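Residue numbers (this note's numbering): 4 to 332.
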């Protein structure tokens, strides 16, 4: 861990963040990459199993959406010891995303700001990639779009390739997603998904605050929560990045991820757990990097823990370390 951080701070972080991500993708798409990532395997570590949307998982730890946008390196990721992997986010047609630069790091507080905007190759190419794999790690597909029709089409097209879906209506970098922040439109989306449902799905909600939850924010969340409860949605991801302004980015704004989000994530999970009382599965996402934090979130009611930014800062050994520290041995 210390070696990876030393290399990151002194070499990797000298380069553009997206360039390093592209290099990582090339390395992990190599046919020998699974042998490399298997060095971090925790197959001999016994962790208490968890269930998310009815699927038995070997670990509560998951790779969050955005790391493998095009599902091109799943074979390598399959060896890292995740309980499940989230592929995507996928849209119906290919998207270039927002203009670059669109990622910046804040190393001092282990955070990042991105304004990616769902760059991906589109569902047809991603299905081609998915058809090549026989994964041991359960897969959830993150899907999004500008309309209910686009999201439901994606759901139908990808149902054969995953055990469930994460519906991403929460990216602060995709302006048209605000359509679904309206409660009426949000409810219509849920109705439409339930009308075609053959696989479980969870909703990834926007992060409305970064500090302590006040009563006004709680009331805003409760309206979303009640719709999820009324329509018996399977799960909820709390939460996405937090919208901030950043002049380094071409768009001038993006989504903050990493360490500064942890306490808000914990508050959200605790609040949602009290509201739902076990009626749906809660997945925590945002600022998580230690086993103590994982244990806190599970205690507060989370069934799953998604990681992304902490992997950028701490490397693949993070999963091995967390799984060992969570071991029931």
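Glycine residues also receive a C-beta, built at the ideal position from the N, C-alpha and C atoms.
This one's a predicted model, so the numbers in the text were calculated from it and none came from an experiment.
Alpha carbon to alpha carbon, how far is residue j from residue i? Give it in angstroms, no decimals.
| i | j | result |
| --- | --- | --- |
| residue 3 | residue 210 | Not covered by the structure: residue 3. The range shown for the chain is 4 to 332. |
| residue 226 | residue 39 | 46 Å |
| residue 248 | residue 169 | 26 Å |
| residue 20 | residue 27 | 11 Å |
| residue 334 | residue 142 | Residue 334 lies beyond the stretch modelled for the chain, which goes from 4 to 332, so this question has no answer here. |
| residue 183 | residue 150 | 9 Å |
| residue 274 | residue 285 | 11 Å |
| residue 321 | residue 234 | 37 Å |
| residue 297 | residue 161 | 30 Å |
| residue 139 | residue 218 | 43 Å |
| residue 32 | residue 73 | 11 Å |
| residue 134 | residue 127 | 11 Å |
| residue 327 | residue 187 | 45 Å |
| residue 281 | residue 174 | 26 Å |
| residue 198 | residue 157 | 14 Å |
| residue 92 | residue 69 | 6 Å |
| residue 266 | residue 212 | 11 Å |
Does DSSP classify residue i as helix, strand or coil?
| i | result |
| --- | --- |
| residue 312 | helix |
| residue 210 | coil |
| residue 27 | helix |
| residue 167 | strand |
| residue 149 | coil |
| residue 318 | coil |
| residue 196 | helix |
| residue 55 | strand |
| residue 301 | helix |
| residue 66 | strand |
| residue 284 | strand |
| residue 154 | helix |
| residue 44 | coil |
| residue 60 | strand |
| residue 294 | helix |
In its own chain, which residues sit with a C-beta less than 6 Å from the C-beta of residue i, not counting the 5 before and 5 after it?
| i | result |
| --- | --- |
| residue 86 | 60, 61, 62, 63, 64 and 65 |
| residue 264 | 289 and 290 |
| residue 7 | Bear in mind that a pLDDT of 49 at residue 7, under 50, signals an unreliable position, so the number given afterwards is only what the model happens to contain. Here the set comprises 318. |
| residue 166 | 58 and 141 |
| residue 329 | 50 and 294 |
| residue 102 | 253 |
Please go through the same chain and pick out, in chain order, the residues whose beta-carbon is closer than 8 Å to the beta-carbon of residue i, but skip the five residues on each side of it.
| i | result |
| --- | --- |
| residue 36 | 30, 76, 78 and 79 |
| residue 189 | 172, 183, 227 and 230 |
| residue 43 | 82, 83, 84, 319, 320, 322 and 323 |
My understanding is that residue i touches residue j, with C-beta atoms under 8 Å, so please give their C-beta distance in whole angstroms.
| i | j | result |
| --- | --- | --- |
| residue 97 | residue 125 | 4 Å |
| residue 172 | residue 147 | 7 Å |
| residue 105 | residue 114 | So it is not a contact: roughly 15 Å between Cβ atoms. |
| residue 112 | residue 261 | 7 Å |
| residue 196 | residue 155 | 7 Å |
Would you say residue i reaches chain D, if we count a Cβ-Cβ gap shorter than 8 Å as a contact?
| i | result |
| --- | --- |
| residue 81 | In summary, chain D is missing from the structure at hand, where a single protein chain is found. |
Kindly list the residues whose CB is nearer than 7 Å to the CB of residue i, restricted to its own chain and excluding five residues on each side of it in sequence; keep chain order.
| i | result |
| --- | --- |
| residue 52 | 59, 60 and 61 |
3 or more residues per run - each beta strand (DSSP E) lying fully within the segment 87-143: Those beta strand (DSSP E) runs which fall completely within the segment 87-143 and span 3+ residues are 87-93, 106-109 and 114-117.
Start-end ranges of the beta strand (DSSP E) lying completely within the segment 204-277, minimum 3 residues: 204-207, 238-241, 245-248 and 256-261
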